[in-house]
Structure formats: structure tokens, C-alpha cells
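Only one structure is covered here, and it is reproduced in the block below.
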Amino acid sequence: MRTRWFDRPLETIAMLWRVERHDGIVLGFAAHDRDLVVDHVRYHAAPGMLPSAIEMDDGLDPLDMDIAGALSHDLIRSDDLAAGRWDHAAVRIGLIDWQVPGEGAGWFWHGHLGAVSIEGHRFSAELRGLKAQLDQPFVPVASPSCRAEFCGVGCGLSRSAFEHIATVDAVSAEGLAFTGMDEAPASGFVHGSMRWIDGGNAGLHADIVGSTDAGLQIDGPLLRAPAPGDRALLLQGCDRSLATCAGRFGNALNFRAEPHLPGNDLLTRFAVL
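Numbering (the numbering used here), first residue to last: 4 to 276.
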């Protein structure tokens, strides 16, 4: 791999974009006139992606960029952008000597996509670098509800014990009816999530916000209506209260909150004589 760039009178350099979406799809684009294969990933030529000026320094302030382009490449489709398949995708930007692509690329920027917007036949997106993580709170904020993600870091519960692969049985305006939830009550999936395994929404995530006799209700409409037979990976939910953590999951030892700490409503209470 080359370690020095722009040190020749005539350079043979192409810029590479490597995008890894949350649905598991990895896409590569090259600012070149033909496709390049680098580390078993095909980088497609002429994607019409235009970065803003790339600025780098040794400070701690986040230095963000924008990316814009035309919806002209077969791999950059408006329906995928609207469905959220590109939201928060991991991005790497680098350089490659297109004469010897087998030597590998020199990656100089790592980050992820921020907000994606579509206007006509063009799209634009924010590029958030690793320094953007410095904007996150350094210490947790006191709260009566648990700060840990269910089955995530700090929760201590095994995710596999609360996941179920289910199949869509019926679709209606009131909800999605599933079969194969291992006798788990539908109400147990409220505040949970789902990831579509196959069908037109494969790879997309959705939050489960309610349940009715007709099935589960999800947050927001899907770009494509699910069909009977589509499968999804369902994760049970938790309302982050101490009562649920202790009574339903027996996990009060890992409860990450201060449920008995007085809140701002204490200032508005009336004295009782």
C-alpha cells in the first residue's frame, strides 16, 4: 500500500467511498472511469457523489462534511434513501492507485452518514466524523427510568433469550399479526423492536409501539407493505421502569437509574396539611 501521495508529476489516484449500511449491504464507489476491486469489494465507477472540502486538523472540535450527488447510479435509489437504508451508515473515504488496486487503499476518513435528504433527482447527506462522538454526554444523567438499552451494555440480559423469529400471518390497519412467537404475549413486545429478515423490507428496523387484538403496531409506515409469509426477528420490549425490571425480568440488580430521586415535579406539589 502506498504511504505517500501527490509526490509525482503525474498521479494515478482515485477517491474511494466505502459505505456499510445497517441492513448489512456494503457498497463501494470510485471517482474513476471504470470499476475497481479492492480487498474483495467492487467499487463502482462514476457514482456522481460529490464531497465538500475535506478539512482535517489536530483539534478536538468536530469537523463535519457534506456529500451530495445525483440519483443516477443503480445502487443509489430514492426508495432506499426514503426507507432509511442509508441512515447512519458507516463510511470510509480513501485513496487508491488505480494502476495497482491490489496494493490496497489508504483510508484517511472514518465516520457515518447523518441526516439524508432528497430534492428532486438529487440527494444530500451529512458526514459525521469520529470527533462527533465528543458531543455525547461524558457522564450519565440522573433519571427515574433505566438508561441501559434492553439486552445491551449494562442491562446484563441475554438478547437471544428474548428474540423470536416470527412470520406475518395477516396485515391490517390495526396491526401486524405474527405466528411463531413461542407463546410470548403480544403485549410483551411493546417498546421492543423488529428487523425484517426477508420480503420487500428485508434489513429494515422498526420500533414496536403498541399491540391490539389484530397484532403488533409499529412506529411509522413502511415503504413497502408487508405480505403474509414475510419473516421478522422480534425483540421483546421493556418500559425501563423498576417495576418491570424487577417483576418481569428479575433484573433489578442491573437497573441503571434513580427511581426514588425527587424530580422537578417536587417543586410544583402543594403542601398537604
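Even for Gly, the Cβ is constructed at its ideal location relative to N, Cα and C. Note that the structure is a prediction, hence the values are computed from the model and not measured.
Which class does F192 belong to by DSSP, given the choice of helix, strand or coil?
-> By 1-based counting over the sequence shown, the position of residue 192 is 189. F192 falls in the helix class under three-state DSSP.
Does the beta-carbon of A143 have 16 or more other beta-carbons within 10 angstroms, so that it is buried, or is it exposed?
-> Residue mapping note: residue 143 aligns to position 140 of the sequence shown, counting from 1. The sequence shown places Pro at residue 143, rather than the Ala named in the question. It counts as exposed.
Can you check the region 69-108 for any alpha helix (DSSP H) of at least 4 residues that lies completely inside it and give the ranges in chain order?
-> 81-86
Cβ of P262 within 9 angstroms of Cβ of D172?
-> Taking the first residue of the sequence shown as 1, we reach residue 262 at position 259. Taking the first residue of the sequence shown as 1, we reach residue 172 at position 169. Not closer than 9 angstroms, so no.
In the DSSP assignment, what are the bridge partners of G114?
-> Against the sequence shown, residue 114 aligns to sequence position 111. G114 pairs with V94, G132.
Between the region 203-220 and the region 173-191, are three or more C-beta pairs nearer than 8 angstroms?
-> yes
May I have the straight-line CA-CA distance separating S214 from W112, to the nearest angstrom?
-> Start at 1 with the first residue of the sequence shown, and residue 214 comes out as number 211. Start at 1 with the first residue of the sequence shown, and residue 112 comes out as number 109. Computed Cα separation, rounded: 43 angstroms.
Span separating the alpha-carbon of R88 from that of V44 = To locate residue 88, count along the sequence shown from 1; it is residue 85. To locate residue 44, count along the sequence shown from 1; it is residue 41. Taking the straight line from one Cα to the other gives about 19 angstroms.
Can you pull the DSSP bridge partners for T215?
-> Within the sequence shown, the letter at position 212 stands for residue 215. Paired residue(s): G218.
Using a threshold of 9 angstroms, state whether the C-beta atoms of T182 and D233 are closer than that.
-> Looking up residue 182 in the sequence shown gives position 179. Looking up residue 233 in the sequence shown gives position 230. Contact: no.
How many angstroms separate the CA atom of A86 from the CA atom of D10?
-> As a working note, residue 86 is residue 83 in the sequence shown. As a working note, residue 10 is residue 7 in the sequence shown. For A86 and D10, the distance between alpha carbons rounds to 43 angstroms.
If you run the structure through DSSP and keep just helix, strand and coil, what is R198?
-> Within the sequence shown, the letter at position 195 stands for residue 198. Strand.
Check whether the Cβ of S175 sits closer than 8 angstroms to any heavy atom of the ligand MN, and report yes or no.
-> Of the ligands one can find in the structure shown there are none, so the ligand MN has no counterpart to examine.
Quick check: the region 185-202 against the region 235-245, are there 3 or more CB pairs under 8 angstroms?
-> Yes, the region 185-202 touches the region 235-245.
Assuming G157 contacts N254 under a Cβ cut-off of 8 angstroms, what Cβ separation, rounded to an integer in Å, is found between them?
-> In the sequence shown, residue 157 corresponds to position 154, counting from 1. In the sequence shown, residue 254 corresponds to position 251, counting from 1. The Cβ separation is near 11 angstroms, so there is no contact.
Beta-carbon proximity list for S161, same chain, < 8 angstroms, skipping 5 on both sides = Translated into the one-based positions of the sequence shown, residue 161 becomes position 158. Around S161: C154.
Check S175 in the structure and name its three-state DSSP category.
-> Start at 1 with the first residue of the sequence shown, and residue 175 comes out as number 172. Strand, per DSSP.
Hey, could you find the ends of the alpha helix (DSSP H) G250 is sitting in?
-> In the sequence shown, the residue the question calls residue 250 occupies position 247. The continuous alpha helix (DSSP H) containing G250 extends over residues 245-250.
G253 lies in the beta strand (DSSP E); which residues open and close that run?
-> The residue labelled residue 253 in the question sits at position 250 within the sequence shown. It is not in any beta strand (DSSP E) - G253 carries neither H nor E in the DSSP assignment.
Close-in-space but distant-in-sequence residues of the same chain around V212 (CB under 6 angstroms, 5 per side omitted) = Start at 1 with the first residue of the sequence shown, and residue 212 comes out as number 209. The residues are Q220, D222.
Report all residues from its chain with a CB closer than 7 angstroms to the CB of L84; omit the five preceding and five following residues, and keep chain order.
-> Along the sequence shown, read from residue 1 onward, the residue named residue 84 stands at position 81. Counting only Cβ-Cβ distances below 7 angstroms, and skipping sequence neighbours, we find V119, I121, F126.
Would a C-beta distance cut-off of 9 angstroms place G107 and L130 closer than the cut-off?
-> For the purposes of this step, residue 107 is identified with residue 104 of the sequence shown, where counting begins at 1. For the purposes of this step, residue 130 is identified with residue 127 of the sequence shown, where counting begins at 1. No, they are not a contact pair.
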